[in-house]
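Here's the structure we're looking at; comments come further down.
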Amino acid sequence: MAEAPATGNVRKLIDDPTFPTQWTVVEEHLGHKVLRKEGESKELNVHGYAVGVDFDICIADGICITVCPTNVFDRMDIPSEQARMDNGTLNDSGKALLAIWKADPAREQDCIFCRACEIQCPVQAIKITEP
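Numbering (our numbering), first residue to last: 43 to 173.
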């Protein structure tokens, strides 16, 4: 039987005291920043600043979309050549065979900082940072 993957090396955004102030903005996407931690080579990075969603660890279960009272999130399709799936089917290069989606904080300016999404995220891929 195969062993479960080790979880000690999985970044939990909520536990990182340097986010977002010591992260580099690598691009803008639909009006919000996309950030990367210095020295990391994650493929999908973190979308959002006040509402940061780590696309590299997001499992796209949609709970954040469901619990958000101000509709901050949109589903964003990730093409299979960019996507990585923890529990999906991968090709030989470790890429997902099918496109997946992530919760994109498209309207992070509407966030009321209730932290419902941050609390409910099962993999701690969301970090709320009040201005």
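We put the CB at the ideal spot given by N, CA and C, even for glycine.
Asked                                                                 : Found
Through-space distance from GLU82 to PHE115, alpha-carbon basis       : 25 Å
DSSP three-state assignment for ALA158, whether helix, strand or coil : helix
Limits of the unbroken beta strand (DSSP E) element including ILE101  : Unbroken run through ILE101: none, as it is neither H nor E.
Rounded C-alpha distance that separates LYS69 from VAL76              : A quick correction: the sequence has Glu, not Lys, at residue 69. Between GLU69 and VAL76, the C-alpha separation is close to 5 Å.
Buried/exposed call for PHE61, threshold 16 Cβ in 10 Å                : buried
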